[in-house]
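When we follow the working numbering, the leftmost residue of the sequence shown carries the number 28, and every step to the right adds one.
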Amino acid sequence: LESINRMYTSRQFVLDLGQEISAPVDYRLICQLLFNLVSNCLLHAGNCKRIMISLSENENRVFLSVSDDGEGIEAEELYSVFDRYRHGFSAKTVSRGAGLGLTVARGAAQMHGGALMMESRPDRGTCVRVSLSKKAGISSKLRTPQEDYSGKMRSILEGLAECLPPECFTGDYTD
Numbered sequence: 028l029e030s031i032n033r034m035y036t037s038r039q040f041v042l043d044l045g046q047e048i049s050a051p052v053d054y055r056l057i058c059q060l061l062f063n064l065v066s067n068c069l070l071h072a073g074n075c076k077r078i079m080i081s082l083s084e085n086e087n088r089v090f091l092s093v094s095d096d097g098e099g100i101e102a103e104e105l106y107s108v109f110d111r112y113r114h115g116f117s118a119k120t121v122s123r124g125a126g127l128g129l130t131v132a133r134g135a136a137q138m139h140g141g142a143l144m145m146e147s148r149p150d151r152g153t154c155v156r157v158s159l160s161k162k163a164g165i166s167s168k169l170r171t172p173q174e175d176y177s178g179k180m181r182s183i184l185e186g187l188a189e190c191l192p193p194e195c196f197t198g199d200y201t202d
């Protein structure tokens, strides 16, 4: 998050991980879920100044929350945000994504015995809450191939790089 904070100086990233939390998850699917939620904030939350990522748990579930203070989503548009290819897909916004991110994130949550919920208010921001089961491990048939992740955050940041504007790629940040 420190690297992202330096690239997006107009936005503040806040991370609240609480205590150490563990759950049986597929690492790559959860990284993709988190990437999709954060990139949606970066690409679609106009006038966003703050993005907060928090993690908490109870006896049976882990809760991940990604929220922003951007312009939010109108109530009449909120119902379609999970429709594939539909929302935000026009000639003006095609470079901002094809409209699959939330669908993929919701699918990853469901594969982990959980759910994804979204609430949004115009001019106040959007919050996506994900719940994951601590007891229902993901089926081995659905697992993504394992790799040696020596720098887990680096792989997440490399994924985020696809949605960053070109001005972020200066000599200061290419190491």
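We put the CB at the ideal spot given by N, CA and C, even for glycine.
Which first and last residues belong to the beta strand (DSSP E) in which residue i is found?
i           : result
residue 134 : No beta strand (DSSP E) contains residue 134, which is instead part of the alpha helix (DSSP H) from 128–138.
residue 156 : 152–160
residue 78  : 77–84
residue 90  : 88–95
Evaluate residue i with the Cβ neighbour count: other Cβ atoms within 10 Å of its Cβ, from every protein chain shown; 16 or more gives buried, anything less gives exposed.
i           : result
residue 33  : exposed
residue 45  : exposed
residue 127 : exposed
residue 161 : buried
residue 204 : Summary: the structure shown does not reach residue 204, with the chain confined to residues 28 through 202, and so no result is reported for it.
residue 67  : buried
residue 114 : Bear in mind that a pLDDT of 49 at residue 114, under 50, signals an unreliable position, so the model cannot answer this.
residue 56  : buried
residue 41  : exposed
residue 74  : exposed
Between which residues of its own chain and residue i is the CB-CB distance below 6 Å, once the five residues before and five after are set aside?
i          : result
residue 84 : 48
residue 43 : 81
Do residue j and residue i have their beta-carbon atoms positioned less than 9 Å apart in this structure?
i           : j           : result
residue 158 : residue 52  : no
residue 131 : residue 59  : yes
residue 129 : residue 108 : yes
residue 80  : residue 39  : no
residue 212 : residue 91  : The structure shown does not extend to residue 212, since the chain is modelled only from 28 to 202, so the question has no answer here.
residue 69  : residue 35  : yes
What residue range is occupied by the uninterrupted alpha helix (DSSP H) comprising residue i?
i           : result
residue 61  : 54–71
residue 102 : 102–105
Leaving out five residues before and five after residue i in sequence, what residues of the same chain have Cβ atoms less than 8 Å from its Cβ?
i          : result
residue 37 : 76
For a cutoff of 9 Å on Cβ pairs, would you count residue i as touching chain D?
i           : result
residue 147 : The structure shown contains no chain D, having only a single protein chain.
Leaving aside the five residues before and after residue i along the sequence, list all residues of the same chain whose C-beta is less than 7 Å from its C-beta, in chain order.
i           : result
residue 133 : 109 and 143
residue 50  : 89, 159 and 161
*asked:* Whether or not the region 149–158 and the region 96–109 are in contact is what I'm after, with contact meaning three or more pairs of Cβ atoms, one per stretch, closer than 8 Å; do they touch?
replied: Using a C-beta cut-off of 8 Å, the region 96–109 makes contact with the region 149–158, since at least three inter-stretch Cβ pairs fall below that distance.
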